[in-house]
Structure formats: C-alpha cells, structure tokens
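Below is one structure, written out as structure tokens; the observations come after it.
Numbering (our numbering), first residue to last: 16 to 121.
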C-alpha cells in the first residue's frame, strides 16, 4: 500500500489506474475493492481472484457452509454485484474471478 499512497501524492486525480487486480487476504478484500473503486478510472477494471473459494462461497448462499473465508467472499461478491458504480461478472474459471468495469460517471 505504501507505493500506492506515495503515487497518489504526485497527482491530484485519485483515479490513476486502468486495472486493479486483487488477490489478497480475505479479511480485508472488501476494503481493497472499495479502494480500487475509488482509484480506477471510468471504464477501468477491477479483477478479484478466488471468489468461488473452491465452491464454498456458493455453499454459503445455499446455507450448507459456514467457512469464515467463504462467508467473507460471498459478502464481497454481493457487495460488488450490487454496487451502483460497477458492471460485473463472476467467471467460474478455476477458483473464480470477479471482473468488474467501473461505469463512467456523469
């Protein structure tokens, strides 16, 4: 994060990035995605890895899993799906990729 914070100081435009790839600790993924939403340009992409958690995130939805990581991932997927600034799709490739495009403002 330090590199990103120092880069922000160089520019007055906080939306510097065309693509942000999130493959991080599950406890803080939502915070990373929210940061990415604020820092990706209009039409830019946010890609989050491991969003199926080998099927456990789907089992959370149907009530057959209480895996704490899967619960967080399921909540993140719902957050991204319902976010008004994102168009997104969840791709069932390997362990899942959530790919979101930031909608143009205005």
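Here a beta-carbon is modelled for each residue, glycine too, at the ideal position from N, C-alpha and C.
In this structure, DSSP gives residue 62 an extended state, which the three-state scheme calls strand. Taking C-beta atoms under 8 Å as the contact rule, residue 117 and residue 57 qualify, at a distance of about 6 Å. The shortest CA-to-CA distance from residue 91 to any of 37, 73, 45 and 51 is the one to 45. Around the beta carbon of residue 69, fewer than 16 other beta carbons sit within 10 angstroms, so the residue counts as exposed.
Exclusion of the five residues before and after residue 60 leaves 33, 34, 35, 114, 115, 116 and 117 as the residues of its chain whose Cβ lies within less than 8 Å of its Cβ. Per DSSP, residue 117 lies in no alpha helix (DSSP H); the unbroken beta strand (DSSP E) holding it starts and ends at 112-117.
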